[in-house]
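K.L.:
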Ligand code: FES
Ligand code: FES
């Protein structure tokens, strides 16, 4: 493929003693600041080549374990013709040129990193390589076409000459690119598609990787916060006499979201915070998990808005003699990243530095500018490694708090939330309730109706997102999300986070009705790894399994026949079935379940094998997963992400839930919000479909599939149909 | 004042007797490899060795480790990576990496006591160490591999 580019509109070069800085305005990225200085430009470059021939790549995405640092460096190294192992990486500051080209704001999420960078980054790298080749050819007075690059060096084979990129900086800075940038085809790849060791792993086995919580600065103070335990409640008063007796306490004060203790160390701050006696207003203390459930039932009876409709599902369902209706329920879920929320801020007269493990440099940048009144160029966001993200670190709440605290001091302050605060003040995966019906006619799905009852995430986040994100055009992926944002209108009907995975039913039917009934009990909600798919795939894939059994069909074959025109669904479904030995005998008490789902442009099928004991004990023994994520960048990273996604989804399926009592989250730490442990981890086999399609992200798409695969396997093993998560032993006795 | 011996070096720290070892390591000694995950001994992210035994540093008062050797993740590698770290790299174990010092320290204690653990031994020894990123399959493989590497090192 080739893209027509001229240097004037695309690459920008800046030479200084420290090296050649290569910047680029990516297709779909935002305009840079007007009149930026050379310093700002250099800080916002993509690539830096220094006179010692070191190549540094400035990474615009956050590394939270998904291996993106390495995958993006692979894209760069492939086209720049440098060794992957020699590429140095730095995390980018917040700046418009690093805006995610799909979101138009600097955010890592929605499994978009690879998709938004694939062409862009390779093009920047290839163009840069061409500049160096042109520069060398000029120096040698030889034709450009006879020169090539390898390992950060330009060669001319016939004359046996070669020169390092680092020795060509001044010449390259004068070059312009008037030809087409031609990207390699897959058969020319040396790096892409082969398993590469991750660049971040060495630092993660010797304790040297720096996460936000590890930031240590001279004269730094440490802070912690107590939020109102009941949602919607506010501070009345607090008594800090006991807390102030703790050694090292510097100050105790209120900020809008809670009461803060600042001390010399976190330990002192935490000890003091636990001694605070705080009076809060009553808040929404009448919210309970049970009352939420009652409201769900009410909404299931009342009106709903239609979000997708064709044919006449209503009448067919009424008249059908072969129809099935079921109710499914999913709870709130916490992100529970292993590293609790934290952020360090140093606020000075004309400068603010923020050190944070964040998925949202863009929104944080805007938030800090607004809070401090500083200019964008005066606010510096330093991205650290993230001790887990899963969507939680796309929020700005804890960064806003850290700035509000830093406003009281001249020195840097690090805010760390205790685990309890982290667990009880998350933006949770929404709980939802589903009423689903279908009519069968011999082998076909005659009608399908799915009513979703739940709250809208977009309604909460939209006001923050909209001004920063106004796409003019959209490439692929998250179209619904971006389209929704483009509109700039809070239209709940279109909130994709509630209906994704349900609206675009893959199974063939002529009569379809997808309905939405909004009900927000007032619990803060947010993006949780795979978002709406995490709930809807469980419902759809479990219910299809119910229908297969109603039709007395094998659940795998039943799906095949309804997915006739969905080749990529079929591809993964067939591969997973084949590799799992679908149809072969299992010992009594064991069962196999299958599920397939499409999300984030990626296709995933899983077969789970479970064992159910008479006492209700469940073990998930084996999961076979087939994934079609388009062209594969780093195969080992795809496998790792699938393994992790299965653990994450399985935790939500069989271990954890957030429940509400008297307006308050009942769980507070890992003793009552249980996460999957090593003895509960199934053996996981991952098979990749060889695909010529453009690559997709892989952080999320395997999450939604595991819950239905497991619950369908439970049905096969024990004849018990699971319609409510998480699965408890009492459901299986 | 308490004297703590961390990775072979003695340090005097001026803290209260009840200060957890974790915060002494992280805040006084600036050894941030041991992590805070839960503070109540239920995740293992803060694991260190005290006198060769695994200890949850978040609930271990500094006063209880005086005079006893403490090993943290920073003390594992000498001139080269410890076999456990090598096995971790070979198997590309970490994702976010936050839990991994705890995983590695617990593996060290396991392999010291039981150089050739079975899967059941691994389940038993590692059950308390949470990995939210779900790197468990690779941890298991890496433990077997590290056992091999440690036995090889011993033989040679
Ligand atoms: S932080 Fe010590 S066990 Fe979790
Ligand atoms: S690697 Fe992220 S918690 Fe284990």
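Chains as they are written, first to last, in this note's numbering: chain A, 692 to 1424; chain B, 999 to 1154.
Heads up, the beta-carbon is just placed ideally off N, CA and C, and yes, glycines get one too.
Computed from a predicted structure; not experimentally measured.
In three-state DSSP terms, what is residue 813 of chain A?
P.N.:
Looking at residue 813 of chain A - three-state DSSP - the assignment turns out to be helix.
K.L.:
Run through DSSP, which three-state label would residue 976 of chain A get?
P.N.:
It is coil, neither helix nor strand.
K.L.:
For residue 938 of chain A, which residues in chain B fall below 8 Å Cβ to Cβ?
P.N.:
Near residue 938 of chain A (Cβ distances below 8 Å), the residues of chain B are 1014.
K.L.:
Can you give the beta carbon distance from residue 1354 of chain A to residue 977 of chain A, rounded, assuming they're within the 8 Å contact cut?
P.N.:
About 7 Å; that satisfies the 8 Å criterion.
K.L.:
Against chain A, with Cβ distances strictly below 8 Å, would residue 1148 of chain B count as a contact?
P.N.:
Closer than 8 Å: no.
K.L.:
Count the other CB atoms, across all protein chains shown, that sit within 10 Å of the CB of residue 1352 of chain A; report buried if there are 16 or more and exposed otherwise.
P.N.:
Residue 1352 of chain A is exposed by the Cβ-count criterion.
K.L.:
Are the C-beta atoms of residue 1109 of chain A and some chain B residue less than 8 Å apart?
P.N.:
Closer than 8 Å to some Cβ of chain B, the Cβ of residue 1109 of chain A qualifies, so yes.
K.L.:
Residue 1224 of chain A: buried (16+ other C-beta within 10 angstroms of its C-beta) or exposed?
P.N.:
When all chains shown are included, residue 1224 of chain A counts as buried.
K.L.:
Please confirm if residue 1076 of chain A has its CB atom under 8 Å from at least one CB of chain B.
P.N.:
It does; some Cβ of chain B falls within 8 Å.
K.L.:
For the alpha helix (DSSP H) containing residue 1250 of chain A, list its first residue and its last residue.
P.N.:
Where residue 1250 of chain A is concerned, the enclosing alpha helix (DSSP H) stretches over 1246-1253.
K.L.:
Between residue 826 of chain A and residue 866 of chain A, what straight-line distance do the alpha-carbon atoms span, to the nearest angstrom?
P.N.:
If I take the Cα positions, the gap works out to 7 Å.
K.L.:
Please confirm whether residue 1114 of chain B has its beta-carbon closer than 8 Å to some beta-carbon of chain A.
P.N.:
For residue 1114 of chain B, the answer is no, since every Cβ of chain A falls outside 8 Å of its Cβ.
K.L.:
Tell me whether residue 987 of chain A sits in a helix, a strand or coil according to DSSP, three-state version.
P.N.:
If DSSP states are grouped into helix, strand and coil, residue 987 of chain A belongs with the helices.
K.L.:
Does chain A have any CB closer than 8 Å to the CB of residue 1132 of chain B?
P.N.:
Closer than 8 Å to some Cβ of chain A, the Cβ of residue 1132 of chain B qualifies, so yes.
K.L.:
Quick check on this structure: which residue in A/1405, A/1397, A/1386 has the alpha carbon closest to the alpha carbon of residue 806 of chain A?
P.N.:
Minimum Cα distance to residue 806 of chain A is reached at A/1386.
K.L.:
Which term fits residue 1056 of chain A, buried or exposed, when burial requires 16 or more other beta carbons within 10 angstroms of its beta carbon?
P.N.:
The residue in question, residue 1056 of chain A, is buried, as its Cβ has 16 or more Cβ neighbours within 10 Å.
K.L.:
Taking residue 915 of chain A as the query, report the chain B residues whose CB atoms sit under 8 Å from its CB, ordered along the chain.
P.N.:
Ordered by position in chain B, no residue passes the 8 Å Cβ test against residue 915 of chain A, which lies about 11 Å from the chain.
K.L.:
Is residue 1054 of chain B near ligand 1, going by C-beta to nearest heavy atom under 7 Å?
P.N.:
Yes, since a heavy atom of ligand 1 falls inside the 7 Å radius drawn around the Cβ of residue 1054 of chain B.
K.L.:
Kindly provide the ranges of any alpha helix (DSSP H) runs that are 4 or more residues long and lie completely inside the region 1211-1271 of chain A, ordered along the chain.
P.N.:
Taking only runs of at least 4 residues, the alpha helix (DSSP H) segments lying wholly in the region 1211-1271 of chain A are 1224-1241, 1246-1253, 1258-1271.
K.L.:
Can you tell me which of the three DSSP states residue 1104 of chain B falls into?
P.N.:
Looking at residue 1104 of chain B - three-state DSSP - the assignment turns out to be helix.
K.L.:
If the cut is a Cβ gap below 8 Å, which residues of chain B does residue 1375 of chain A touch?
P.N.:
Those within 8 Å of residue 1375 of chain A in chain B are 1135.
K.L.:
Considering only the beta carbon of each residue, do residue 1229 of chain A and residue 1021 of chain A sit closer than 8 Å?
P.N.:
Contact: yes.
K.L.:
Closer than 8 Å is the cut-off here; do at least three beta carbon pairs connect the region 897-908 of chain A with the region 1026-1044 of chain B?
P.N.:
Flag = yes, the region 897-908 of chain A and the region 1026-1044 of chain B touch.
K.L.:
Determine the closest residue to residue 870 of chain A out of A/832, A/854, A/911, A/814, with distance taken between C-alpha atoms.
P.N.:
Residue A/814 is the option with its Cα nearest to residue 870 of chain A.
K.L.:
Using only the alpha-carbon positions, how far apart do residue 786 of chain A and residue 737 of chain A sit?
P.N.:
Each residue's Cα considered, the two are about 12 Å apart.
K.L.:
What is the DSSP secondary structure of residue 1147 of chain B, counted as helix, strand or coil?
P.N.:
In the structure shown, residue 1147 of chain B sits in a helix (DSSP, three-state: H, G or I).
K.L.:
Going by the CB atoms, is the gap between residue 1036 of chain A and residue 1103 of chain A shorter than 8 Å?
P.N.:
Taking 8 Å as the Cβ cut-off, residue 1103 of chain A and residue 1036 of chain A qualify as a contacting pair.
K.L.:
List the residues of chain A whose Cβ lies closer than 9 Å to the Cβ of residue 1074 of chain B, in chain order.
P.N.:
Per Cβ cutoff of 9 Å: 896, 897, 898.
K.L.:
Should residue 886 of chain A go down as buried or exposed, given a rule of 16 or more other Cβ atoms within 10 Å for buried?
P.N.:
Exposed: under 16 other Cβ atoms inside 10 Å.
K.L.:
For residue 1310 of chain A, which residues in the same chain have their Cβ closer than 6 Å to its Cβ, ignoring the five residues on either side in sequence?
P.N.:
Within the same chain, residue 1310 of chain A has close Cβ partners 1302.
K.L.:
Residue range of the beta strand (DSSP E) that residue 1299 of chain A falls in?
P.N.:
First-last of the beta strand (DSSP E) with residue 1299 of chain A: 1293-1303.
K.L.:
Just to check, is the beta-carbon of residue 1130 of chain B closer than 7 Å to a non-hydrogen atom of ligand 2?
P.N.:
Correct: residue 1130 of chain B has its Cβ closer than 7 Å to ligand 2.
K.L.:
Residue 1362 of chain A touches chain B at which residues, Cβ-Cβ below 7 Å?
P.N.:
The answer, in chain order, is 1038, 1040.
K.L.:
Distance check for residue 1108 of chain A and residue 1009 of chain B, CA to CA, integer angstroms please.
P.N.:
For residue 1009 of chain B and residue 1108 of chain A, the distance between alpha carbons rounds to 28 Å.
K.L.:
For residue 1084 of chain B, which residues of its own chain have a beta-carbon under 7 Å away from its beta-carbon, when the five flanking residues on both sides are left out?
P.N.:
Cβ within range, chain order: 1147.
K.L.:
Could you tell me the boundaries of the alpha helix (DSSP H) in which residue 760 of chain A lies?
P.N.:
Run containing residue 760 of chain A: 759-771, per the alpha helix (DSSP H) assignment.
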